[in-house]
Amino acid sequence: MNGFQIQLAYYRGRASPCCLKIGRVTGRSFPVEGGFGTPAPARRSHRAAALIVAALILLAAFVVTVPYLSAALKQGYSFLSGVTTTGPGTQTSTTSGVNTTGITNNTSTTIAQCSSLVSVGNLAAPDINNGSANIAYPSDYCTLASYALGQINADRAANGTGPVTLTYNQAAQQHADSMLYYGYFSHFDTQGFKPYMRYSLLGGRGADFENVAFFSYSVNHYSSTSAVEESIRTLEHSMVYDDVACCANGHKYNILDPLHNRVSIGVAYNSTDVFFDEEFENYYINLNFLVTGASASNPYFVTMTGSIAQKVTPPSSIYVAFDGIPSAENTTLLNNGPHEYSPGTLEGGILPKDDVFGGCPQFTTGTTVCADKWSFSAAGVDIAFSLKDFVKNYGPGVYTIYLITGPSTSSAITTISVFAP
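For the sequence shown, the residue numbers in the working numbering are 1147 to 1567.
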């Protein structure tokens, strides 16, 4: 295939200390690494030949050298997420409560077959409202998702990494639908949501890592499933094998990350354009998550309980990041970029109590909260703490909780985004 171009843009905090920053991030004013962030063309501005645009946010953020009594808490880049409701395409679940934003929280239990979960329909405005969205899967979605999974797992096998399981968090398809419907290409969307927010609002339970890609022709091309598969194959190959010049193999690292054990696929297309979304997950806990008003003076009390879905290193801390309240963005702004996003600003975190001396250690920067409960074992998970001090100190916004098994959020296994009005 001749005449196409590749433009990739992402944050790369995993292997490089570049652009680490401590401080508040508001709106879309955040550091951009290197020369990346090249604006993507509008959907209708086609080239004479095929145009590929692919983008990844590979973020490994908030690096702490030692979680307890360590050197300064440092902010890097990662994107992780949380929980809320189910709908067509999500994991099957049971209801466990309602958080303070009025969104029902659910517990994922099993993954059903694709055809029983997806809902084929006409493309319409897929905005997320009250934890749900009008999401339309193409009629050949199950075939395309299975094909994409095969490409991903073939790449992982060729590079010595185990396979990921196909799952159906709606965030992948919702964002692919949104980009096709509104005509933009970005990790942000027209509601101002970042990937981990969408993932959270649409039932996410694990740590979310997003790749998005776009293929466009100037003439009608996508008249068959095989034509869409061809573009998926080309985009996947580009992200794994042609990524070094653009993005220092950031997309490749995301696809091959051995901690990822699930992926949700989004595919939205018309006769000339294909939008492709991969939402990789670190999913290790079947989680019940609830935010309640423990008292009038403590309205953001978080409980996290559940069973271990897959063995993993026990977490040592929770990091809490802040984003301002999302606001609507137009397609011109989204297409002009930057297409990358930060995970918000690290504002501190949660630490377990010291069993010997009592109390808990303190992060050297930001707010430290001592957990009311902290139990993580083969018998299950039982963690409880308050976000009250964070909301008091930093105000209304989105607070994302990162449950960490290693030295940074690249090792997060579960995150939750809490919207505090």
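All C-beta atoms in this analysis are idealised placements derived from N, C-alpha and C, irrespective of residue type, glycine included.
Count the other C-beta atoms from every protein chain shown that fall within 10 angstroms of the C-beta of residue 1387, then say buried if there are 16 or more, exposed otherwise.
exposed
Determine the closest residue to residue 1318 out of 1429, 1340 and 1410, with distance taken between C-alpha atoms.
It is 1410 whose Cα lies nearest to the Cα of residue 1318.
Comparing C-alpha positions only, which one of 1297, 1274 and 1366 sits nearest to residue 1324?
1274
Counting along the chain, where does the alpha helix (DSSP H) carrying residue 1371 start and finish?
1371-1387
How would you call residue 1278, buried or exposed, if buried means at least 16 neighbouring beta carbons within 10 angstroms?
Under this definition residue 1278 is a buried residue.
Excluding the 5 residues flanking residue 1444 on each side, which residues of the same chain have their C-beta closer than 6 Å to its C-beta?
1532 and 1534
Can you tell me which residues form a DSSP beta bridge with residue 1521?
1528
Short of 6 Å in beta carbon distance, which residues of its chain neighbour residue 1414, apart from the five on each side in sequence? Order them along the chain.
1322, 1323, 1326 and 1421
What whole-angstrom Cβ distance do residue 1334 and residue 1475 have, given they're in contact under 8 Å?
6 Å
Check residue 1563 in the structure and name its three-state DSSP category.
strand
Note down, in chain order, each residue of its chain lying with its Cβ closer than 8 Å to the Cβ of residue 1285, except the 5 sequence neighbours on either side.
Excluding residues within five positions, the ones whose Cβ falls inside 8 Å are 1266.
For residue 1260, I'd like the list of residues in its chain whose CB is within less than 8 Å of its CB, leaving aside the five on either flank, ordered along the chain.
Here residue 1260 has 1287, 1288, 1291, 1292, 1312 and 1314 as same chain residues with Cβ atoms under 8 Å from its own Cβ, once five neighbours each way along the sequence are excluded.
Distance check for residue 1559 and residue 1401, CA to CA, integer angstroms please.
16 Å
In terms of alpha-carbon separation, which member of 1470, 1477 and 1481 lies closest to residue 1489?
Of the candidates 1470, 1477 and 1481, the one whose C-alpha sits nearest the C-alpha of residue 1489 is 1470.
Considering only the beta carbon of each residue, do residue 1382 and residue 1301 sit closer than 9 Å?
yes
With a 10 Å radius around its C-beta and 16 neighbouring C-beta atoms as the bar for buried, classify residue 1546 as buried or exposed.
buried
Output needed for residue 1429: all residues of its chain with C-beta closer than 7 Å, excluding positions within five of it in sequence on either side, in chain order.
So the qualifying residues of the chain are 1351, 1352, 1407, 1408 and 1455.
Based on the DSSP secondary-structure assignment, which residues constitute the bridge partners of residue 1548?
According to DSSP, which records beta bridges pairwise, residue 1548 is partnered with 1465 and 1561.
Going residue by residue through the stretch 1269-1332, where are the continuous beta strand (DSSP E) segments of at least 3 residues, counting only ones entirely within it?
Runs found: 1311-1313.
What's the call for residue 1462, buried or exposed, on a 16-neighbour Cβ count within 10 Å?
buried
From residue 1339 to residue 1347, what does the alpha carbon distance come to, in whole angstroms?
10 Å
Specify the secondary structure class of residue 1458 as computed by DSSP and reduced to three states.
It is coil, neither helix nor strand.
Leaving aside the five residues before and after residue 1520 along the sequence, list all residues of the same chain whose C-beta is less than 6 Å from its C-beta, in chain order.
1498 and 1529
Nearest to residue 1494 by alpha carbon, out of 1453, 1562 and 1512?
1512
What is the rounded straight-line gap between the Cα of residue 1281 and the Cα of residue 1492?
32 Å
With residue 1482 as the anchor, note down where its alpha helix (DSSP H) starts and where it stops.
1477-1482
Please list the terminal residues of the continuous alpha helix (DSSP H) segment that includes residue 1391.
1390-1393
CA-CA distance, residue 1395 and residue 1556?
16 Å
With distances taken between CB atoms, is the gap from residue 1412 to residue 1431 smaller than 9 Å?
no
Between the Cα of residue 1551 and those of 1506, 1526 and 1459, spot the shortest distance and give me the residue it belongs to.
1459
Run the CB neighbour count on residue 1372, radius 10 Å, all protein chains shown included, and call it buried at 16 or more, exposed below.
exposed
According to DSSP, is residue 1401 part of a helix, a strand, or is it coil?
helix
Checking the sheet assignment: what are the DSSP bridge partners for residue 1343?
According to DSSP, residue 1343 bridges with nothing at all.
Can you tell which of 1330, 1310 and 1283 has the C-alpha that lies nearest to the C-alpha of residue 1484?
1330
Going along the chain, which residues of its own chain have a beta-carbon closer than 8 Å to the beta-carbon of residue 1506, five neighbours each way excluded?
1497, 1498, 1499, 1500, 1514, 1516 and 1517
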